[in-house]
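Enquirer: Each number in the working numbering corresponds to the 1-based position in the sequence shown with 24 added. Ideal Cβ placement from N, Cα and C applies to all residues, glycine included. One structure, pasted below without further comment.
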Amino acid sequence: MASPSPDQDTPTRRPNWKYIAVLIVFFIVNIAVYSLTSNPTKGLKQPMPRPASHLEPLPTAPGFCPFPAQRDPLVSVSGARSYVVAPYVEHRGGGRQIRAISIVYRPEPDNYQCLLCCGGRNFSVSASRNVHSDHFGFDYCAGDIFCPVASGCAEPEHVAIFSRGQHQEPAFFPVQNRELRTSGFEYNFTVCISTMYGNYSNLLQVVQSMEMYRLLGVGRVAVYKNSCSPEVERALDYYEAQGLVEVVPWPVTSFINVSPGWRKSASPGDLHYYGQIPALNDCLYRYMYRTKYVALHDIDELILPQRVDDWNQLLVRLEQRYSADRGFEFENHVFPVSVSDQIDKYRPREWEKVKGVNVLEHVFREPNIPNRFNNFKVIANPRLVFETTVHGFLRSMHGTVRVDRDEAHLYHVKKGARPELSPSDLIRDDRVRHYAPRLVPAVSDVLKHISNSVE
Numbered sequence: 025m026a027s028p029s030p031d032q033d034t035p036t037r038r039p040n041w042k043y044i045a046v047l048i049v050f051f052i053v054n055i056a057v058y059s060l061t062s063n064p065t066k067g068l069k070q071p072m073p074r075p076a077s078h079l080e081p082l083p084t085a086p087g088f089c090p091f092p093a094q095r096d097p098l099v100s101v102s103g104a105r106s107y108v109v110a111p112y113v114e115h116r117g118g119g120r121q122i123r124a125i126s127i128v129y130r131p132e133p134d135n136y137q138c139l140l141c142c143g144g145r146n147f148s149v150s151a152s153r154n155v156h157s158d159h160f161g162f163d164y165c166a167g168d169i170f171c172p173v174a175s176g177c178a179e180p181e182h183v184a185i186f187s188r189g190q191h192q193e194p195a196f197f198p199v200q201n202r203e204l205r206t207s208g209f210e211y212n213f214t215v216c217i218s219t220m221y222g223n224y225s226n227l228l229q230v231v232q233s234m235e236m237y238r239l240l241g242v243g244r245v246a247v248y249k250n251s252c253s254p255e256v257e258r259a260l261d262y263y264e265a266q267g268l269v270e271v272v273p274w275p276v277t278s279f280i281n282v283s284p285g286w287r288k289s290a291s292p293g294d295l296h297y298y299g300q301i302p303a304l305n306d307c308l309y310r311y312m313y314r315t316k317y318v319a320l321h322d323i324d325e326l327i328l329p330q331r332v333d334d335w336n337q338l339l340v341r342l343e344q345r346y347s348a349d350r351g352f353e354f355e356n357h358v359f360p361v362s363v364s365d366q367i368d369k370y371r372p373r374e375w376e377k378v379k380g381v382n383v384l385e386h387v388f389r390e391p392n393i394p395n396r397f398n399n400f401k402v403i404a405n406p407r408l409v410f411e412t413t414v415h416g417f418l419r420s421m422h423g424t425v426r427v428d429r430d431e432a433h434l435y436h437v438k439k440g441a442r443p444e445l446s447p448s449d450l451i452r453d454d455r456v457r458h459y460a461p462r463l464v465p466a467v468s469d470v471l472k473h474i475s476n477s478v479e
C-alpha cells in the first residue's frame with residue numbers, strides 16, 4: 025500500500041472533553057474541601073461552634089470584619105479568665121479609646137490585646153485594664169479593658185479582645201456609642217435595675233414599680249435578668265411590648281460562681297452579688313447617649329419626691345439648688361415588710377391572689393441613726409460618670425450631693441434592718457399613697473392583661 029502523500033488529510037485524535045470536565049470538577053472540589061477544613065488564618069485554632077442565633081452571618085463582600093460578631097451578653101476573653109460585657113466608644117478625656125465594660129479576674133496579669141475592625145481594615149493595639157475598687161475581696165469584679173483607637177482607624181466598628189499570644193479565633197463585638205450626643209435624647213429618665221435573680225417572683229411589686237416609674241416620668245427601665253418566675257416573665261414581656269422595658273439577659277451564673285451577698289466571708293463565691301456592679305456600669309454606658317438622666321436602684325426601691333409629683337419637676341428644683349453638673353444622692357429609708365397598714369382601698373380584691381408585696385400597705389419606716397452612714401441611691405447625668413457602684417460613683421466629673429430627705433428620699437420595702445425596734449418606734453411616712461388614685465387602676469389593668477394572656 026502506498027504511503028499517504030503530504031497533500032492528503034491525516035486523521036487526528038479529538039480531545040475527550042468529558043474526561044477533562046471531570047478532572048476540572050474533581051480539582052475544584054478538592055480545593056473547596058481543603059479550604060473548608062483548613063483554618064484561613066495561619067496558627068489560629070478554631071473555637072467550639074456557638075449557636076447560630078448569637079452570630080451574624082459572615083459577610084462575603086470586601087470591607088467587613090473577617091469573623092462573626094458576637095451578640096452574647098457575656099463572652100470570655102480568649103486565653104484569659106475575664107469576660108467582656110460590651111465595648112463602648114469613650115468620647116471623654118484625652119485620646120480616642122474603646123472602653124469594654126468587663127468582669128475581670130483580678131489575679132490574672134494585665135496582658136490583653138485588641139483587634140479593631142475599621143472599614144474593612146484590622147488594627148492590632150495593646151490594651152490596658154482598669155480594676156474597679158469596689159470588689160469586696162472577690163476574685164472577679166467590675167472593670168474596664170481599654171483599647172486605644174489606632175490613628176488609621178477613622179471609626180471602629182467592631183473590636184476583638186484576647187490575651188497576647190493566644191491562638192484562638194478572636195470574638196468580635198459591635199462597638200456601641202459611636203455617635204456623641206449632647207441633646208435630643210430618646211428618654212428623659214432611664215432606670216437601671218440590676219440584677220433580677222433567684223427565680224424572682226414578686227409580681228405585684230414589679231407591676232407597681234413599673235407603673236410608679238411611669239407616674240414619675242420614666243421612659244425606659246433596663247432590667248438585667250438572670251432568672252424570674254413565669255408570671256414575672258409575662259409582666260416583663262408585656263412592658264417590653266409597651267416599649268417601657270428592655271430586658272438584658274444576664275447569664276452570669278453560667279460562667280462564674282456568684283455570691284448572693286456582698287461580704288465574701290458570709291456569702292462565699294467568686295463575684296459580688298450576682299454581678300450587680302458590672303451590670304450597673306454596663307447600663308450606665310448602654311444609655312449614656314440615649315437618656316438625659318439615669319437612676320440606679322433596685323426593683324424594690326422608689327425615689328419619691330416629697331414636694332412635687334414627678335422626677336422632671338424634682339430635677340428642676342435640684343439643679344437650681346445644687347447645680348446641673350452633680351449627681352444626686354437620695355437617702356435610703358427601710359419600710360419593714362413585716363409591718364403593714366391594711367386599708368381596703370389600697371388592696372383591691374383582684375390583687376388578693378397575686379404573689380408579691382403591696383407597697384401601698386407599708387407606710388411605716390425605721391428611723392435612720394443620726395451621724396451614721398446611711399445607704400443611698402442616685403439619679404445623675406450619665407455623661408458625668410465614669411465608674412459606678414451600688415451606692416454612688418467611684419469616678420465622676422463633679423461628684424454628688426446628698427439631697428435633703430424632706431425634698432426626696434428612697435422608699436425601700438424590705439426585711440427590717442433593725443429588729444430591736446417596736447412598732448411604736450417607727451415613723452409613719454405614707455407619701456407613696458399620694459399616687460394611689462392613679463396607681464391602683466393602672467396596676468389592676470396590667471394584672472388583668474397578664475392574666476388574660478395565660479387563659
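1. Of all the CB atoms in chain D, is at least one closer than 7 angstroms to the CB of Asn476?
2. Distance check for Gly189 and Ser347, CA to CA, integer angstroms please.
3. Starting from the C-beta of Arg105, find all residues in its chain whose C-beta is less than 7 angstroms away, skip the five residues before and the five after it, and write them out in chain order.
4. Apart from the five residues on each side of it in sequence, which residues of its chain come closer than 6 angstroms, Cβ to Cβ, to Ser100?
5. When you compare only the Cα positions, how much space is there between Leu450 and Phe388?
6. Just how far apart, CA to CA, sit Ala265 and Asn405?
7. Under the three-state reduction of DSSP, which class applies to Ser27: helix, strand or coil?
8. Buried or exposed: Arg205, going by 16 or more other Cβ atoms within 10 Å of its Cβ?
9. So, is Asn356 buried or exposed, given that buried needs 16 or more other C-beta atoms within 10 angstroms?
10. Near His4, what residues of its chain come up, given a Cβ to Cβ distance below 8 angstroms and the 5 sequence neighbours on each side ignored?
11. Please classify Asn305: does DSSP put it in a helix, a strand, or coil?
12. Take Ile127 as the anchor and find which of Ser157, Val149, Ser175 and Phe147 has the nearest alpha-carbon.
13. Does the Cβ-Cβ distance between Arg238 and Thr214 come in under 7 angstroms?
14. Select from Gln232, Tyr211 and Pro302 the residue whose C-alpha is nearest the C-alpha of Ser218.
15. Which word fits Ile367, buried or exposed, when buried means at least 16 other C-beta atoms lie within 10 angstroms of its C-beta?
16. Taking the alpha carbon of His415 as the point to measure from, which residue in Asn399, Ala124, Asn336 and Ala178 has its own alpha carbon closest?
17. Under the three-state reduction of DSSP, which class applies to Ser291: helix, strand or coil?
18. Could you pull the DSSP bridge partners for Tyr248 from this structure?
19. Counting Cβ pairs closer than 8 angstroms, one from the stretch 451 to 458 and one from the stretch 323 to 332, do we hit at least three?
20. One question on the structure: do Gln229 and Val467 come within less than 7 angstroms of each other, judged by their Cβ atoms?
21. Can you say whether His473 is buried or exposed, counting buried as having 16 or more other CB atoms within 10 angstroms of its CB?
22. Would you mind reading off the limits of the beta strand (DSSP E) that contains Leu326?
23. Under 8 angstroms by Cβ, that's how I've got Val272 and Pro97 pegged, so tell me the actual separation to the nearest angstrom.
24. Taking 7 angstroms as the cut-off, decide whether the C-beta atoms of Ser278 and Phe186 are in contact.
25. With a threshold of 6 angstroms on Cβ separation, who are the neighbours of Phe359 within its own chain once the five nearest residues in sequence on each side are excluded?
Expert: Reading from the atomic positions:
1. Structure shown: chain D not included; a single protein chain is present.
2. 49 angstroms
3. Tyr129 and Glu132
4. Cβ neighbours of Ser100 beyond the five flanking positions: Tyr107.
5. Using only the alpha carbons, I get a separation of about 6 angstroms.
6. 27 angstroms
7. The predicted position of Ser27 is uncertain, since its pLDDT is 39 and thus under 50; no value can be drawn from it.
8. exposed
9. Residue burial is scored here from C-beta neighbours: Asn356 has at least 16 other C-beta atoms within 10 angstroms and is therefore classed as buried.
10. No information on residue 4 is available, as it lies outside the stretch 25 to 479 that the chain covers here.
11. helix
12. Ser157
13. In this structure, Thr214 does not lie closer than 7 angstroms to Arg238 by Cβ.
14. Pro302
15. exposed
16. Asn399
17. coil
18. Ser218 and Val272
19. yes
20. The answer is no: Cβ separation not under 7 angstroms.
21. Exposed: under 16 other Cβ atoms inside 10 Å.
22. Glu325 to Pro329
23. Distance from Val272 to Pro97 at the Cβ level is roughly 6 angstroms; contact confirmed, criterion being Cβ atoms closer than 8 angstroms.
24. no
25. His386, Arg389 and Val437
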